[in-house]
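Same order as they appear, the protein sequences are chains A and B.
Take the position in the first sequence, starting the count at 1, then add 164; the result is the number in this note's numbering.
Take the position in the second sequence, starting the count at 1, then add 164; the result is the number in this note's numbering.
Every residue gets a Cβ at the ideal spot worked out from N, C-alpha and C, and that includes glycine.
These numbers were taken from a predicted model, which means no experiment stands behind them.
There are 2 protein chains.
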Amino acid sequence: MRLGIIGVSGAVGQQMLECLVEQDIVVDELRVFASEKSRGKKILFNNQEYTIQVADESSFDGLDYVLGAVSNELSKKYWPWIKKSGAIYIDNSSAFRGDKDVPLVVPEINGEDALDNHGLIANPNCSTIITLMAIAPLLKLGDFNSMIATTFQAVSGAGNKGIEELNNELNNCNYQPKVFPYTIASNVISEIGSYLDNDYTSEEMKMMNEGRKILHHPDLRVSCTCVRVPVMRSHSISVRVVMDRIVDLDEGKRVINDFDGVEYRDELVTPLDASNQDIVYVSRLRRDLTNPNGLLLWCCGDQIRKGAASNAVGILKYLLDCKHN
Amino acid sequence: MRLGIIGVSGAVGQQMLECLVEQDIVVDELRVFASEKSRGKKILFNNQEYTIQVADESSFDGLDYVLGAVSNELSKKYWPWIKKSGAIYIDNSSAFRGDKDVPLVVPEINGEDALDNHGLIANPNCSTIITLMAIAPLLKLGDFNSMIATTFQAVSGAGNKGIEELNNELNNCNYQPKVFPYTIASNVISEIGSYLDNDYTSEEMKMMNEGRKILHHPDLRVSCTCVRVPVMRSHSISVRVVMDRIVDLDEGKRVINDFDGVEYRDELVTPLDASNQDIVYVSRLRRDLTNPNGLLLWCCGDQIRKGAASNAVGILKYLLDCKHN
Chain A
165 MRLGIIGVSG AVGQQMLECL VEQDIVVDEL RVFASEKSRG KKILFNNQEY
215 TIQVADESSF DGLDYVLGAV SNELSKKYWP WIKKSGAIYI DNSSAFRGDK
265 DVPLVVPEIN GEDALDNHGL IANPNCSTII TLMAIAPLLK LGDFNSMIAT
315 TFQAVSGAGN KGIEELNNEL NNCNYQPKVF PYTIASNVIS EIGSYLDNDY
365 TSEEMKMMNE GRKILHHPDL RVSCTCVRVP VMRSHSISVR VVMDRIVDLD
415 EGKRVINDFD GVEYRDELVT PLDASNQDIV YVSRLRRDLT NPNGLLLWCC
465 GDQIRKGAAS NAVGILKYLL DCKHN
Chain B
165 MRLGIIGVSG AVGQQMLECL VEQDIVVDEL RVFASEKSRG KKILFNNQEY
215 TIQVADESSF DGLDYVLGAV SNELSKKYWP WIKKSGAIYI DNSSAFRGDK
265 DVPLVVPEIN GEDALDNHGL IANPNCSTII TLMAIAPLLK LGDFNSMIAT
315 TFQAVSGAGN KGIEELNNEL NNCNYQPKVF PYTIASNVIS EIGSYLDNDY
365 TSEEMKMMNE GRKILHHPDL RVSCTCVRVP VMRSHSISVR VVMDRIVDLD
415 EGKRVINDFD GVEYRDELVT PLDASNQDIV YVSRLRRDLT NPNGLLLWCC
465 GDQIRKGAAS NAVGILKYLL DCKHN
C-alpha cells in the first residue's frame with residue numbers, strides 16, 4: 165500500500181501518522197508533503213525517517229491513497245494532480261464535502277458510502293463527526309428530524325496556530341489575537357467561520373448540511389450555535405434531538421454505548437477526559453422538558469483525532485478492509 | 165436609610181458596595197457583616213471606613229434594609245433575626261426563591277412584584293437573570309412557552325474561591341481542584357449544582373422554575389444545560405425560544421435594544437465585552453431552522469454585577485424610588 169499525506173506538518177497531519185500505526189495499517193511506501201516552510205524537514209514514521217517534500221504535478225504518481233490535511237484552497241489545487249495519478253484522495257478540508265458524487269463518511273455510520281467514490285472521499289467537519297457519533301445510535305430506536313446544538317469547540321480546530329494563540333494569550337496578557345477574531349483566553353467566541361445570509365456561520369450550517377448527507381436524511385433540520393472555548397483539543401456539544409416517539413432513556417443509553425466508537429458514561433464527561441484518544445463519550449442523556457419526544461445529551465470527542473485524523477484514517481482502513489475481504 | 169450587608173467580604177458583597185455608589189443610593193448608616201475570618205477587617209465605602217462584624221440576633225435592629233450575599237444555610241440562619249428587626253431583606257441566595265410569599269425580582273422585568281413583600285425579596289439565579297433580560301423584551305411581540313438554553317458560566321459563580329481556583333490551575337498544572345468537581349482550566353464542566361431525579365442539575369432547573377415566577381408564566385417549559393467554562397466573571401447563554409407567531413427579526417432586535425438594561429449588538433458580543441458593567445448584551449438574533457416560530461440568540465452579562473450584586477441593589481433602588489414617588 166503506497167500512501168501520500170499532504171499537510172503532514174500540521175496538527176492533523178502529525179496525528180494521521182500516529183493513527184496509521186494505531187489502526188495497524190501497513191504502509192509499504194510513504195510520501196509526506198507540506199508547504200515550502202517545511203521542505204526538507206524529517207519526520208519519523210514506524211522508526212523510519214521521511215523527508216517532507218513540496219508536492220508538484222507528478223508527486224502523487226504511483227500512489228494508492230492520499231490523506232489530506234490542508235486548506236480548501238490547497239485541496240482544490242492538489243486534487244487534479246491526485247486524480248491524474250489514480251490514487252484515492254481522503255480529504256479533511258471542506259472543499260468537496262457538498263459535491264454530489266463525493267461521499268462524506270464517518271466509517272461507523274456510513275462507511276459503505278466510501279465504496280462508491282470517484283477517487284475522492286471527504287472527511288466531515290469535526291463537530292459534525294462528534295455530534296453524529298453521539299446521536300446516530302438513536303436511529304435504532306426511532307427517527308429524528310430536528311436538532312438544536314450548541315458547541316464548545318477547542319482551539320485545535322484552527323490547527324497548531326490555534327493552540328499556540330491560546331498559550332500565547334495565557335502567558336502574555338498583552339498578546340493581540342491573530343488567529344481568532346477575539347481574545348480566546350478567559351473568553352468564549354460564538355463566531356466560527358464566516359456569516360451567511362441567514363445569520364448562521366459557515367461552521368454552524370455544516371452540522372445541518374453534512375448531517376443530512378452522512379445520515380441520508382435530506383429533511384433533517386438543525387439549528388446550531390458554534391462557540392470557540394479556551395480548551396486545547398476536544399470538542400463538547402450540548403444536543404437536543406426530537407425523536408418521532410418516546411424513547412426509553414435506558415434503551416437510549418444502551419444503543420449509544422453499543423455503537424462502535426462511542427461510550428455512554430453515567431458520570432459526566434469533560435473535554436479533558438475525551439482528549440488524546442478516539443472514543444466519543446456521551447453522558448447526561450435525559451428527557452427534554454419542552455417535548456416528551458425530545459432528548460438532551462452531552463458529548464465530547466478529541467477534535468484532532470476523531471474530529472479529523474482518526475476518522476480520515478478510519479475511512480482508509482474501511483477501504484482496505486473491504487478490498488481484502 | 166440604614167442598610168446592612170451580610171457577606172460583604174465576598175465577590176458579590178464587595179460589588180454591592182460599588183453598585184450602591186454607582187446607583188446613587190444614599191446610605192445614612194451602614195453595617196457590614198461577614199464570617200469570623202473577616203471579623204475586624206476594614207472596608208471602604210464612600211471614602212469612609214467600616215469595620216466588618218459577625219452578625220448576631222440583634223445586629224439588624226434599627227436597620228431599614230439588608231442586602232444578603234451569603235450561602236443558603238447562612239441566609240436561613242439570619243432571616244429570623246432580620247425579620248425580627250423589621251428590616252426588608254434582599255437575599256441573593258436561593259434559600260427562599262421558591263417560597264410563594266417571597267417575590268423573585270428582576271427590576272426591569274417585574275419590579276412591581278417587589279412591592280408585595282413580607283419583608284423578604286429574593287434575587288434570582290445569575291444565569292436566569294441574564295437570560296430573562298435577553299428574552300423578556302420579546303414578550304412585547306408575542307408569547308413564548310418553550311425554551312432550550314445552554315449556558316457558558318464564569319467561575320465567579322462560585323465566588324472569589326472560583327476565580328482563585330481557575331487562576332491556581334492556570335499557574336500550576338499540578339493543582340488539584342477543590343471548588344469545582346473537575347479541573348476547569350482548559351476544560352468545560354456540564355455539572356453545576358447537584359443532580360435531581362430528572363437528571364437535570366439544581367442549577368438547570370432554576371432557569372425554568374425561576375423563569376416561571378419572574379415572568380408570571382406558570383406554563384413556561386425550559387430544557388437547560390448549565391456548563392462551567394474557564395471565563396472569569398461573565399456568563400453567556402445560547403438560547404432558543406419558540407414564539408406563538410413568526411416574529412420579524414428587525415422588530416425583535418428593536419424591542420430587545422429598547423428594553424431597559426439591555427443592548428442589542430449587530431456584531432458578536434463575548435463575555436469579555438460584557439464584564440465589569442451592568443448591561444446585558446444580546447447578539448446573533450436569528451431564525452430557528454427547525455421551527456419558523458423559533459428564534460435563536462446569544463447573550464452575555466457580568467455574573468457578579470447584573471447576575472447578582474447590581475440586580476440586588478437595583479431591587480433596593482426600586483423600593484426606595486417607589487417610596488419617594
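For the 9 angstroms CB-CB criterion, Tyr253 of chain A and Gly283 of chain A form a contact. Nearest Cα to His399 of chain B within the set B:Thr315, B:Asp188, B:Gln217: B:Thr315. In this structure, A:Leu459 is the residue among A:Arg397, A:Gly177, A:Leu208, A:Leu459 with its C-alpha nearest to the C-alpha of Val386 of chain B. Cβ-Cβ distances below 7 angstroms link Glu374 of chain A to Arg261, Leu268, Pro288, Asn289, Thr292 in the same chain, with the five nearest sequence neighbours on each side left out; the list follows chain order.
At a Cβ-Cβ threshold of 9 angstroms, Ala298 of chain A and Ile170 of chain A do not count as neighbours. Not a single CB atom of chain A sits nearer than 9 angstroms to the CB of Met407 of chain B. If you ignore the 5 residues before and after Gln179 of chain A, its C-beta comes within less than 8 angstroms of the C-beta of Ile468, Arg469, Ala472, Ala473, Ser474, all in its own chain and listed in chain order.
Residue pairing by DSSP places Val426 of chain A opposite A:Val444 in a beta bridge. The C-beta distance from Arg418 of chain A to Asn362 of chain B rounds to 20 angstroms, too long to fall under 8 angstroms, and the pair is not in contact. For Glu431 of chain A and Tyr364 of chain B, the gap between their C-alpha atoms comes out near 13 angstroms.
Contacts with chain A at 9 angstroms (Cβ-Cβ) do not include Val343 of chain B. For Met396 of chain A, the chain B residues whose Cβ falls inside 7 angstroms of its Cβ are Ser350, in order along the chain. From the beta-carbon of Tyr364 of chain A, the residues of chain B found nearer than 8 angstroms are Arg450, Leu453.
Chain-ordered, the chain B residues with CB closer than 7 angstroms to the CB of Met372 of chain A read Leu453. Leaving aside the five residues that flank Gly416 of chain A on each side, the residues in its chain whose CB is nearer than 7 angstroms to its CB run, in chain order, Leu302, Leu305, Leu449, Leu459.
Of the candidates A:Gln212, A:Leu208, A:Ile216, A:Ile216 places its Cα closest to the Cα of Ser199 of chain A. Residues Val319, Pro341, Lys342, Val343, Phe344, Ile348 of the same chain have their beta carbon placed closer than 7 angstroms to that of Glu329 of chain A, with the five preceding and five following residues left out of the count. Glu182 of chain A has a beta carbon lying at 9 angstroms or more from every beta carbon in chain B. Against Tyr346 of chain B, the close residues of chain A are Leu432, Thr434, Leu436, Asp437, in the order they occur along the chain (beta-carbon pairs closer than 9 angstroms).
Taken in chain order, the complete beta strand (DSSP E) segments of 3 or more residues contained in the region 183-228 of chain A are 193-197, 206-209, 212-215.
Arg404 of chain B carries a strand assignment under DSSP once its states are collapsed to helix, strand and coil.
Where Cys290 of chain A is concerned, there is no enclosing beta strand (DSSP E), although the alpha helix (DSSP H) around it starts and stops at 290-299. Take Asn281 of chain A, set aside five residues on each side of it, and the residues of its chain with a beta-carbon closer than 6 angstroms to its own are Pro267, in chain order. Identification of residues in the region 241-275 of chain B having a C-beta nearer than 8 angstroms to some C-beta of chain A yields an empty set.
The beta carbon of Cys464 of chain B sits closer than 6 angstroms to the beta carbons of Ser398, Ser400, Val433, Pro435, Ala438, Tyr445 from its chain, once the five residues preceding and following it are set aside; these are given in chain order. The straight-line gap separating the alpha-carbon atoms of Val477 of chain B and Tyr359 of chain B is approximately 31 angstroms.
Within 7 angstroms of the CB of Glu355 of chain A, the CB atoms of chain B belong to Leu432, in sequence order along the chain. Residues of chain B whose Cβ lies closer than 7 angstroms to the Cβ of Val393 of chain A are, in chain order, Val352, Val393.
Excluding its 5 nearest sequence neighbours in each direction, Val190 of chain B has C-beta neighbours in its own chain below 7 angstroms: Met165, listed in chain order.
Distances from the alpha-carbon of Val196 of chain B to those of B:Met407, B:Phe209, B:Gln187 put B:Phe209 closest.
DSSP places Leu167 of chain B inside the beta strand (DSSP E), whose first and last residues are 166-170.
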